[in-house]
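Visitor: Got a structure for you, questions after.
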Amino acid sequence: MNESIIKLLKENIVELESVEVTDTLTLISSGYIDSFDIITILLRLEEVFCVQLPVDEIDLEQFETVALIAAMIRSYQEKQK
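Note that the sequence shown covers residues 46 to 126 in the working numbering.
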């Protein structure tokens, strides 16, 4: 899952194209993504992982690292089974 998230981020966020994205790279606090990017990422994650990610329940901190994004997706996948 993490590799798919990294691929998705690199395809959708210009600032990450030449960056080595790891599971622990800080995305928001390092300035690689902002709130506008998160909306794009959220929509793509829903498509790729076939999961509903309710905007009103999402905390921006869940997008700080690839590992946190993956944990969030797994959590919502479990809830929606």
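Built from N, CA and C at the ideal position, the CB exists for glycine as well.
In three-state terms, what does DSSP make of Q125?
Guide: coil
Visitor: Starting from F94 and walking both ways along the alpha helix (DSSP H), at which residues does that stretch end?
Guide: Counting along the chain, the alpha helix (DSSP H) containing F94 begins and ends at 80 to 94.
Visitor: For V111, which three-state DSSP category applies?
Guide: helix
Visitor: Can we say the region 98 to 108 touches the region 56 to 69, given the rule of at least three CB pairs closer than 8 Å?
Guide: no
Visitor: At what residues does the alpha helix (DSSP H) containing E60 begin and finish?
Guide: Neither: E60 is in no alpha helix (DSSP H) and is coded neither H nor E.
Visitor: Apart from the five residues on each side of it in sequence, which residues of its chain come closer than 8 Å, Cβ to Cβ, to Q97?
Guide: E91, Y121, Q125
Visitor: Contact defined as beta carbons within less than 8 Å: I believe I73 pairs with V111. What is the distance between those atoms, to the nearest angstrom?
Guide: That pair is no contact at about 12 Å.
Visitor: For the candidate residues E123, I114, M46, R119, whose alpha-carbon lies nearest to that of L70?
Guide: I114
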